[in-house]
Amino acid sequence: MGELRSKAEHTEAIRTKGRVCVVVNTRSRRGRRHYPAVVRALRAEGFDSIRFLPVVDPKRLRATLEEALADEPDLLVVGGGDGTLSAAVKHVAHRDVALGVLPLGTTNNFVRSLGVPLDLAGAIRVLRTGKVADIDLGVAGDREFANLASFGVSVEVAGKVRHGVKRLLGRAAYPLTALTILPRHQPFRAFLTVDGRRHELLTHQLNIANGRFHGGWQVARDISIDNGRLVAYQLGSGKRLRLLLETMVRAGSGRWRSLAGGPFVVGREMYLETDPPMAADVDGEVRLMTPIMIRTVPNGLRVMVPDDFVDS
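To convert, take the position in the sequence shown, counting from 1, and add 1420; that gives my numbering.
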């Protein structure tokens, strides 16, 4: 993709030249409602050269992202849910363009991992006053992802959570939908090989995280999207009752745990086998199956973050 500027040079270019392309998924309820405010706020921030590309048909999202990048912007601003942002990540990865994010989704996991404010005005302010940082990318098989690869109950939940319920309940829609699926869900056995050591577990749900958040809640205090490591953890065990209780606790409180005190496996590269073979939900896309290799690519993506973001 060519040579990248230094992050300081890139930040200065965004603050002065302001070459910006904006892609907003206006098919989503929040995207459609907030799109006029996004246009007004970005213009009010004084960006000199700006192009707006609303996405009415989700099938046109990838083509629209490529159209935006053909303009060679310094900053590509993307508004939508985690699925929209995940598609943008794949296009921006390893390129000399920074990704700016707007919190227009239900859970906003990626936005939260970057420390970007969840109010629209605050997020847009970051685009002007923040800095360019480089963060890790996850890679599952041959597919790059920003936040999470998951296996088990969540794959069924993603396919069955109703749009109306999600719109009404927000991030609580996912664990509550999981409660309706759990009574008949069968546990699976997972074999995870990390740094030459093989871990075996029986569970209903296994997650491998690059980002810090899942379902809008922080996974653990000491997870980072910029430390060159993936974190694998199970939610509950093979016992439905325990998973049911943990799901209810997380739905009600969003309680977090620390890596030092929880059932976590940490590494740069993880090979996962399951019995039976399982579908993988990779940032909302269910296209891969186990066995699968999942790894991290340090500093594979440039993003616009608040000035106090710790860029390692």
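The beta carbon of each residue, even a glycine, is placed where N, CA and C say it ideally should be.
Note on geometry: alpha-carbon atoms of V1559 and A1629 lie some 11 Å from one another.
Nearest to A1553 by C-alpha distance, out of I1544, V1517 and A1569, is V1517. According to the DSSP assignment, H1619 belongs to the beta strand (DSSP E) that extends over R1617 to T1623.
Of the other Cβ atoms in all chains shown, 16 or more fall within 10 Å of the Cβ of A1488; this residue is therefore buried. Linking G1499 to K1510 through their CA atoms gives a straight-line distance of about 15 Å.
A Cβ-Cβ distance of about 4 Å is found for the pair G1631 and N1567, placing them in contact under the 8 Å criterion. Between V1573 and H1624, the C-beta spacing is below 8 Å.
In this structure A1569 does not touch V1442 by the C-beta definition: roughly 29 Å separates them, more than the 8 Å allowed. Taking 8 Å as the upper bound for CB-CB distance, V1531 and L1538 are in contact here, some 7 Å apart. In the three-state reduction of the DSSP assignment, E1693 falls in the strand class. In the structure shown, R1688 adopts coil according to DSSP, grouped into three states. Note that the C-beta distance between F1611 and E1693 is below 8 Å.
Sequence-distant partners of R1609 (beyond 5 residues in either direction) whose C-beta falls short of 6 Å from its own C-beta, in its chain, are L1622 and D1695. Bridge partners of I1470 according to DSSP: V1440.
Shown here, T1431 sits in a helix according to DSSP, grouped into three states. In this structure, the CA atom of G1451 is about 29 Å from the CA atom of N1719. In the three-state reduction of the DSSP assignment, R1722 falls in the strand class.
Here L1473 has C1441, V1442, V1443, T1484, E1487 and A1488 as same chain residues with Cβ atoms under 7 Å from its own Cβ, once five neighbours each way along the sequence are excluded. Secondary structure at P1523: strand, using DSSP grouped into helix, strand and coil.
Comparing alpha-carbon positions, the option among L1519, A1433 and F1467 lying closest to V1723 turns out to be L1519. Here S1570 carries a strand assignment [DSSP, helix/strand/coil]. Sequence-distant Cβ neighbours of V1614 in its own chain, meaning closer than 6 Å and more than five residues away, are V1685, G1687 and M1690. Apart from the 5 residues on each side of it in sequence, P1726 sits with its Cβ closer than 6 Å to the Cβ of G1535, V1546 and G1550 in its chain, given in chain order. By the C-beta density criterion, M1713 is exposed, having fewer than 16 other C-beta atoms within 10 angstroms.
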